[in-house]
Amino acid sequence: MKTKKYLALVLAMMMFASLLTGCGGGGASDEDTTAVDTLVVYSSGAFQGSWDPSKNSILSNKHLEYNTYDSLLNYDVAGEMTPNMAESWEYLEDGYTLRIYLNEGIKFHDGSDCNAEDVAASLVYLSRKDSSLHGDFGTTLEAAVVDDYTVDVWPTGKVASASLLTLLAHEAILSADDIAAGTLDNTMNGTGPYKMVKYENETCYLEAFADYWNPERAAKIPYAEYKYVAESSTRMAALQAGEAHVIERVDIEQVPILEADDAVVVDKVPSEEQRYIVFKTTQGPMGNELLRRAMAHAIDRETIVNDILQGYGYLANSYMPHVSNLYEPIDYMLEYDVEKAKELLAEAGYPNGEGLPTIEYISSTGLYPKSKEIAEFVASSWEAIGIDVNLTVEETAAWESHLYMEDSCLVTDTGWMNMHGDSNAYISVHYLTRGRVNFSSYADIDEILARESQETDPVARKAIVTNELLPRLVETCSNFPMYDSMMVYARGANVSGVEYLPNSNFRFADISFE
Numbered sequence: 189m190k191t192k193k194y195l196a197l198v199l200a201m202m203m204f205a206s207l208l209t210g211c212g213g214g215g216a217s218d219e220d221t222t223a224v225d226t227l228v229v230y231s232s233g234a235f236q237g238s239w240d241p242s243k244n245s246i247l248s249n250k251h252l253e254y255n256t257y258d259s260l261l262n263y264d265v266a267g268e269m270t271p272n273m274a275e276s277w278e279y280l281e282d283g284y285t286l287r288i289y290l291n292e293g294i295k296f297h298d299g300s301d302c303n304a305e306d307v308a309a310s311l312v313y314l315s316r317k318d319s320s321l322h323g324d325f326g327t328t329l330e331a332a333v334v335d336d337y338t339v340d341v342w343p344t345g346k347v348a349s350a351s352l353l354t355l356l357a358h359e360a361i362l363s364a365d366d367i368a369a370g371t372l373d374n375t376m377n378g379t380g381p382y383k384m385v386k387y388e389n390e391t392c393y394l395e396a397f398a399d400y401w402n403p404e405r406a407a408k409i410p411y412a413e414y415k416y417v418a419e420s421s422t423r424m425a426a427l428q429a430g431e432a433h434v435i436e437r438v439d440i441e442q443v444p445i446l447e448a449d450d451a452v453v454v455d456k457v458p459s460e461e462q463r464y465i466v467f468k469t470t471q472g473p474m475g476n477e478l479l480r481r482a483m484a485h486a487i488d489r490e491t492i493v494n495d496i497l498q499g500y501g502y503l504a505n506s507y508m509p510h511v512s513n514l515y516e517p518i519d520y521m522l523e524y525d526v527e528k529a530k531e532l533l534a535e536a537g538y539p540n541g542e543g544l545p546t547i548e549y550i551s552s553t554g555l556y557p558k559s560k561e562i563a564e565f566v567a568s569s570w571e572a573i574g575i576d577v578n579l580t581v582e583e584t585a586a587w588e589s590h591l592y593m594e595d596s597c598l599v600t601d602t603g604w605m606n607m608h609g610d611s612n613a614y615i616s617v618h619y620l621t622r623g624r625v626n627f628s629s630y631a632d633i634d635e636i637l638a639r640e641s642q643e644t645d646p647v648a649r650k651a652i653v654t655n656e657l658l659p660r661l662v663e664t665c666s667n668f669p670m671y672d673s674m675m676v677y678a679r680g681a682n683v684s685g686v687e688y689l690p691n692s693n694f695r696f697a698d699i700s701f702e
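In the working numbering, the protein residues as written are 189 to 702.
Below, the structure written as C-alpha cells:
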C-alpha cells in the first residue's frame, strides 16, 4: 500500500506554513518579481478556477499543466515521440492493447511514488465521457495494472486507436489518490519539474521540484511566476522594463517596436491554432445550414489576413491548421462571394435578412491579436447582406464563459489550439456529437470520425478525412475557419532555452538567464 494520504497531509501543513512566511521559502517574494532566481511569464489568457485537467479546455491552464505535470511520452517540435515517464512501450498481439513500461523513481509533488496504478487511473479518468478531454480521445480508455511499473491500456470496444500514442505524449499523469479523493479541483499534484505553491492575484507561483525524477530536464531557475495580464500593452511594457521575461501573443503593432529594442527578442511561430466563427447550431435560426453557409460566404477572409492582421496569419484552406498531421488543402472552402451569400440567405427563408431575428454575436478582446477589429469587420459583412447583428466584445474571461455555454448567444468566435499533436483530437472535439462549442450533432460525421480514428494506416486514414470528412464539414458549416494563427512571443535578450511547440506549449524548466 502507498502512503500518499499521509504524505499529502504533511505537504498540506508545509504549504500552509509557507503561505504564512511568504512564497518560495527564501526565493523571490510576491513583490520582488525581478529577482534573478525567478522566471516571470505573462499569459495572454485567464485561468479557469478548477485545476482538474479533465474539466477545462483553457489554453493558459494547459500551459500551466505542461509545466507542473509530466506525460508518458515526449513530443518535440518535429512531432517525434520519445520516452519520458514511460521508458518503452509496445502493442500486444491483439493490435489494440498498448503495454507501457514506466521508469522507476518518479515522485509526485506530495512526495508519494508514481506507479502503474496512477497511470491506469489517470487514463481512465481523463478519457471518461463527461471529461472535457473526451472529444480529444474520441473514446473512453480502459486500463489494467500488470505490475508496479507496467500498465496495459486499450480503447473501450477493443478497437485500434490511430492517435493513442500521440495522446499519451500530451496528457497529464495524475495521482490515483487525488482522483479517488476528488481533490483535483483545488490542487495541482503532478510529477513535473515545477510545483505550484499558490495561486493569488491571477498569478501562479511555482517552485522547482527538488525531487524531480529526471535531472537532465530539471528546472534551471528556482522559481517561476505565470501571470495573467489581459492588456497586450501592459505585457509589452513589463517586458521592456524587465518585470517580465517572456510574454505571449504580441500585438501586430508592437512587433516593430520590440524588434527595434536591443534588449528584446521577438519569436514568430506557426501554430496548431485555427480561428473560427462558431455557430451555436442548436439555437434558433442557427440550426439552418443554408443560413450558416450564407454568413460564411459574406466574410472576406483575405482582407482579414492581409489587411487587419497585416500578414500575421495564414488563410485557412482546410478545417485543420496547415501544420496538422492530417492537413489537406481543399479548393471548395466557402470563399467570399456576396451574391452567393444573398442567394443562400434567400434560400434559407430570409431574403435580404427579412424575418431573421437579430444575431447576437459575442467576441473577445485581449487574447487574440486584432480580435475586436476582426469581429467588427465580420459583423459589418453580415449587415451588408441584410442581417441585423448585435455585437458584444468582452474581456477574455467573460467571453470564455459564453463560448462554452450553449444558449449564451447565436454566434461567437474562438481560436482552437490542438494541444495533442494529432488532428483527430482537433476535429473530434468540434464535430463529434455534441460539438464542444457549436453543439452540433451529425450521425454520419460521427460514423466517419469513428472509422478515421480506428484506421492505423496513415494513407488510408488521410483518405477518409480528405474524401469523406472535409466535404461534410464544409457543407454543414458548424464552425467556419478564417485563418491559422501565427504565434508571436517576445522575450528578454538574456533569456535562452525557450523552445515553442506548435501547440504553444514551452517548458519553463528549459529556460535560463545568460
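No residue lacks a Cβ here, since even glycine has one placed at the ideal position from N, Cα and C.
Please report how far the alpha carbon of W239 lies from the alpha carbon of L637, in whole angstroms. Here residue 239 refers to the residue found at position 51 of the sequence shown. Here residue 637 refers to the residue found at position 449 of the sequence shown. Rounded to whole angstroms, W239 to L637 spans 30 Å at the Cα level.
On the premise that Y538 lies in contact with L598, defined as a C-beta separation below 8 Å, what is that separation, rounded to the nearest angstrom? Reading the sequence shown from its first residue, position 410 is the one you call residue 598. Reading the sequence shown from its first residue, position 350 is the one you call residue 538. Going by Cβ atoms, the distance from L598 to Y538 rounds to 13 Å, so no, they are not a contact pair.
On the criterion of 16 or more Cβ atoms from any shown chain inside 10 Å, does L280 qualify as buried, or is it exposed? As a first step, residue 280 must be located in the sequence shown, where it is residue number 92. With fewer than 16 Cβ atoms within 10 Å of its Cβ, L280 is classed as exposed.
Whole angstroms are fine: how far does the CA of V676 sit from the CA of I440? Position 252 of the sequence shown holds residue 440. Position 488 of the sequence shown holds residue 676. Distance between the alpha carbons of I440 and V676: 9 Å.
Quick one: what's got a C-beta closer than 6 Å to L591's C-beta in the same chain, skipping five residues either side? The sequence position of residue 591 within the sequence shown is 403, counting from 1. Contacts found: T600, T602, V625.
Return yes when the C-beta of H251 is under 8 Å from any heavy atom of the ligand ZN, and no when it is not. What this structure holds is no ligand at all, so the ligand ZN is not there to describe.
Out of curiosity, what's the CA-to-CA distance linking E548 and L579? Sequence index remark: in the sequence shown, residue 548 carries index 360 (1-based). Sequence index remark: in the sequence shown, residue 579 carries index 391 (1-based). Going from the Cα of E548 to the Cα of L579 covers about 6 Å.
Can you tell which of I246, P646, L657 has the C-alpha that lies nearest to the C-alpha of A631? Position 443 of the sequence shown, counted from the first residue, corresponds to residue 631. Measuring from the Cα of A631, the nearest candidate turns out to be L657.
Would you give the residue range spanned by the alpha helix (DSSP H) that E702 belongs to? Here residue 702 corresponds to residue number 514 of the sequence shown, with the count starting at 1. Run containing E702: none; DSSP gives neither H nor E here.
With respect to the beta strand (DSSP E) encompassing Q462, which residues constitute its N-terminal and C-terminal limits? As a working note, residue 462 is residue 274 in the sequence shown. Q462 -> beta strand (DSSP E) spans 452 to 467.
Proximity of G680 and V466 at Cβ, strictly below 9 Å: Residue mapping note: residue 680 aligns to position 492 of the sequence shown, counting from 1. Residue mapping note: residue 466 aligns to position 278 of the sequence shown, counting from 1. Cβ distance not < 9 Å, so G680 and V466 don't count as in contact.
Are the region 396 to 414 and the region 288 to 299 in contact at 8 Å, needing three or more beta carbon pairs? yes
Inside the region 589 to 650 only - alpha helix (DSSP H) runs reaching at least 4 residues: 611 to 619, 631 to 642
Hey, how far is the Cα of I361 from the Cα of I518? Here the question's residue 361 lines up with position 173 in the sequence shown. Here the question's residue 518 lines up with position 330 in the sequence shown. I361 and I518 have their C-alpha atoms spaced approximately 37 Å apart.
What would DSSP say about G213, mapped onto helix, strand or coil? Locating residue 213 in the sequence shown gives position 25, counting from the first residue. In this prediction, G213 scores a pLDDT of 35, lower than 50, which makes its location untrustworthy; the coordinate-derived value is nonetheless stated afterwards. G213 falls in the coil class under three-state DSSP.
Classify V577 as buried or exposed, calling it buried when 16 or more other Cβ atoms lie within 10 Å of its own Cβ. Sequence index remark: in the sequence shown, residue 577 carries index 389 (1-based). Burial call: buried.
In whole angstroms, what separates the C-alpha of A572 from that of Y619? Counted from its first residue, the sequence shown places residue 572 at position 384. Counted from its first residue, the sequence shown places residue 619 at position 431. Cα to Cα, A572 sits roughly 29 Å from Y619.
Would D455 and K243 be called neighbours here (beta carbons separated by less than 9 Å)? As a position in the sequence shown, residue 455 is number 267, starting the count at 1. As a position in the sequence shown, residue 243 is number 55, starting the count at 1. In this structure, K243 does not lie closer than 9 Å to D455 by Cβ.
Within 10 Å of its beta-carbon, does P557 have 16 or more other beta-carbons around it, so buried, or fewer, so exposed? Residue numbering aside, residue 557 sits at position 369 when the sequence shown is read from its first letter. It is buried - the Cβ of P557 has at least 16 other Cβ atoms within 10 Å.
List the endpoints of the continuous beta strand (DSSP E) containing L503. Taking the sequence shown and counting its residues from 1, the one referred to as residue 503 is at position 315. For L503, the enclosing beta strand (DSSP E) starts and ends at 501 to 503.
Straight-line Cα distance separating N540 from Y230: Start at 1 with the first residue of the sequence shown, and residue 230 comes out as number 42. Start at 1 with the first residue of the sequence shown, and residue 540 comes out as number 352. Whole-angstrom Cα-Cα distance: 46 Å.
Local conformation of N655 per DSSP, three classes: As a working note, residue 655 is residue 467 in the sequence shown. Here N655 sits in helix by DSSP.
If you run the structure through DSSP and keep just helix, strand and coil, what is S569? For this step, residue 569 is matched to residue 381 along the sequence shown. Helix, per DSSP.
Of all the options N655, L352, A648, G472, which has the alpha carbon lying nearest to the alpha carbon of L311? Within the sequence shown, residue 311 is the residue found at index 123, counting from 1. The residue with the shortest Cα to Cα distance from L311 is L352.
Pull up the distance between the alpha-carbon of E490 and that of S611, whole angstroms please. Residue 490 sits at position 302 when you count from the first residue of the sequence shown. Residue 611 sits at position 423 when you count from the first residue of the sequence shown. Cα to Cα, E490 sits roughly 25 Å from S611.
To test your reading of the DSSP string, which unbroken beta strand (DSSP E) runs of 3 or more residues are found completely within the region 346 to 433? If we require 3 residues or more, the beta strand (DSSP E) runs fully inside the region 346 to 433 come out as 382 to 388, 391 to 396, 411 to 416.
Buried or exposed: R423, going by 16 or more other Cβ atoms within 10 Å of its Cβ? Numbered from 1 along the sequence shown, position 235 holds the residue referred to as residue 423. Counting Cβ neighbours within 10 Å, R423 comes out buried, since at least 16 surround it.
Answer yes or no: do P458 and T226 have a C-beta to C-beta separation smaller than 9 Å? Along the sequence shown, one-based indexing puts residue 458 at 270. Along the sequence shown, one-based indexing puts residue 226 at 38. Cβ distance not < 9 Å, so P458 and T226 don't count as in contact.
Quick one: Cα of A451 to Cα of H608, how far? Position 263 of the sequence shown, counted from the first residue, corresponds to residue 451. Position 420 of the sequence shown, counted from the first residue, corresponds to residue 608. Going from the Cα of A451 to the Cα of H608 covers about 34 Å.
Which whole runs of the beta strand (DSSP E) in the region 669 to 702 are 3 residues long or more, in chain order? none
Three-state secondary structure (DSSP) of N291: Looking up residue 291 in the sequence shown gives position 103. If DSSP states are grouped into helix, strand and coil, N291 belongs with coil.
In its own chain, which residues sit with a C-beta less than 8 Å from the C-beta of M269, not counting the 5 before and 5 after it? In the sequence shown, residue 269 corresponds to position 81, counting from 1. So the qualifying residues of the chain are L261, N262, Y263, L353, T354, A357.
Decide if E461 is buried, meaning its Cβ has at least 16 other Cβ atoms within 10 Å, or exposed. For the purposes of this step, residue 461 is taken as the residue at position 273 of the sequence shown. E461 is classed as buried because its beta carbon has at least 16 other beta carbons within 10 Å across all chains shown.
Just the Cα atoms here: how many angstroms apart are S569 and P545? Numbered from its first residue, the sequence shown carries residue 569 at position 381. Numbered from its first residue, the sequence shown carries residue 545 at position 357. Going from the Cα of S569 to the Cα of P545 covers about 17 Å.
Taking CB distances under 9 Å as the criterion, tell me whether D258 reaches chain B. Of the protein chains in this structure there is only one, and it is not chain B.
Can you tell me where the beta strand (DSSP E) with E268 in it begins and where it stops? Along the sequence shown, read from residue 1 onward, the residue named residue 268 stands at position 80. It is not in any beta strand (DSSP E) - E268 carries neither H nor E in the DSSP assignment.
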